[in-house]
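Everything in the sequence shown is counted per this note's numbering, starting at -8 for the first residue and increasing by one.
See structure below.
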Amino acid sequence: MIASGSWAKASFKPYNFNSEGVLPPSGALHPLNKVREEFRQIFFSMGFTEMPTNQYVESGFWNFDTLFVPQQHPARDLQDTFFLKDPAVAKPPKDKEYWENTKAVHEGGAFGSIGYRYPWRGEESLRTVLRTHTTAVSAYMLKKLAADPKPTRLFSIDKVFRNEAVDATHLAEFHQVEGVIADYDVTLGDLIGFMEQFFEKMGVHGCRFKPTYNPYTEPSMEIFAWHQGLGKWVEIGNSGMFRPEMLEPMGLPKNMRVLGWGLSLERPTMIKYGVSNIRELLGHKVNLDFIESNPAARLDEDIF
Ligand code: PHE
């Protein structure tokens, strides 16, 4: 048009400088990843180190036995846990003394505990499972810590699997946010104080604590927060002080206490993004537009 000069007689549409234009195609972070990143920053700001959780398959030993979960506990049933067919058997831990200590503390009692008094089977502990909690990784890291015990703060946020009936709020897999603090002579008061500080950073003010039971912690506490939208107290986490039956067989010093807690990543994410059915958040029914158009997450005042 320039060469022939025809442009001079053509009429052109005026430029629209107010148009927003077409969005360039790009990837988008899933809301779970956005909330996960917020949690990571909270942990880093409190001096925690991230644990390596890139292994979904564990032996029953690390998922259950090290945590003083007896071999006939219902959590170890097919109805609750996914066992693997191939490979069906894992290797025992390298530290034979630890293996023997674990057997002793379950079977006949040891380290001042009367134990559960049942015949503990090595084969049962070597069955492979999809980990049912990230506490399997915490146990592994605490065992490593026993070689050079010093005050330590560790966290992880990753996937766990449970053989659950799927409904609006449950899937057979979810993410766990977990933290452990090992230190000399810490008490339940430290755990409560720390929980308040941690959840405060998530915008949860004034948690409540209720006694509960975990095979691997004593005392154990559920953590509740007031949910403004639902107008009631909702459970947001589980916590406790790891039992000596778990820590002493590892070789940790008697006065090194370990506090731990866990919560799901899905629940705060669902509250944050106003999702009431978990299948809208994860799985094949997820609307891609929901993933692409959600704002960044800030864990602040309005989460609960
Ligand atoms: N493993 C627990 C759960 O699955 C969470 C937890 C971690 C509790 C550490 C106490 C200590 O709910």
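Beta carbons: idealized from backbone N, C-alpha and C, even for Gly.
Excluding the 5 residues flanking residue i on each side, which residues of the same chain have their C-beta closer than 7 Å to its C-beta?
i              : result
valine 225     : Phe215, Ala216 and His218
leucine 182    : Ser230, Met232 and Leu250
alanine 287    : Lys25
methionine 212 : Phe200, Lys201, Pro202, Thr203, Ser230 and Gly231
glycine 18     : none
proline 210    : Leu179, Pro202, Gly231 and Met232
glutamate 91   : none
methionine 186 : Cys198, Ile214, Ser230 and Trp252
methionine -6  : In the sequence under discussion, the amino acid at residue -6 is alanine, which differs from the methionine named in the question. There are no such residues.
valine 177     : Arg248 and Leu250
valine 157     : Ala163
Near residue i, which residues of its chain fall below 8 Å by C-beta distance, leaving aside the five closest residues on each side in sequence?
i             : result
serine 267    : Ala159 and Met261
histidine 161 : Glu155 and Ile269
Within the same chain, show all residues whose beta-carbon is closer than 6 Å to that of residue i, passing over the 5 residues directly before and after it, in chain order.
i             : result
threonine 208 : Gly231, Met232 and Phe233
tyrosine 175  : Asn246 and Met247
lysine 192    : Ile33
glycine 228   : Ile214, Trp252 and Leu254
methionine 42 : Val128, Met132, Leu145 and Ser147
proline 80    : Per the sequence shown, residue 80 should be read as valine rather than proline. Excluding sequence neighbours, valine 80 sits near Leu117.
glycine -4    : none
glutamine 62  : Glu115
proline 15    : none
alanine 101   : Ala95
Does the Cβ of residue i have 16 or more other Cβ atoms within 10 Å, making it buried, or fewer, making it exposed?
i                : result
asparagine 278   : exposed
phenylalanine 59 : buried
phenylalanine 3  : exposed
methionine -8    : exposed
isoleucine 105   : exposed
valine 96        : buried
asparagine 7     : exposed
glycine 170      : buried
leucine 221      : exposed
lysine 134       : buried
Residue j and residue i - do their beta-carbons sit closer together than 8 Å?
i                : j              : result
tyrosine 89      : glutamate 98   : no
phenylalanine 74 : arginine 112   : no
glutamine 46     : asparagine 154 : no
proline 240      : threonine 93   : yes
isoleucine 148   : arginine 27    : yes
leucine 272      : valine 168     : no
histidine 124    : lysine 150     : no
proline 78       : proline 244    : no
proline 235      : glycine 103    : yes
phenylalanine 52 : proline 84     : yes
tyrosine 264     : proline 65     : no
glutamate 11     : valine 120     : no
alanine 173      : glycine 242    : no
I'd like to confirm something about residue i: is its beta-carbon nearer than 7 Å to some heavy atom of the ligand GDP, or not?
i          : result
valine 171 : This structure lacks the ligand GDP; the ligands present are the ligand PHE.
Measuring from each Cβ to the nearest heavy atom of the ligand PHE, keep the ones under 6 Å and list them in chain order. Any residue whose Cβ sits closer than 6 Å to a heavy atom of the ligand PHE makes the list: His124, Thr126, Glu169, Asn205, Thr208, Asn229, Ser230, Gly231, Gly251, Trp252 and Gly253.
Only counting runs of 4 or more residues, tell me where the alpha helix (DSSP H) segments fall wholly within the segment 197 to 280, in order along the chain. Within the segment 197 to 280, the complete alpha helix (DSSP H) runs of at least 4 residues are 235 to 238 and 257 to 264.
Going residue by residue through the segment 81 to 161, where are the continuous alpha helix (DSSP H) segments of at least 4 residues, counting only ones entirely within it? Counting whole runs of 4 or more residues, the segment 81 to 161 contains the alpha helix (DSSP H) stretches 87 to 98, 113 to 116 and 126 to 136.
Within the segment 45 to 69, ranges of the beta strand (DSSP E) (whole runs, at least 3 residues): Taken in chain order, the whole beta strand (DSSP E) runs of length 3 or more contained in the segment 45 to 69 are 48 to 50.
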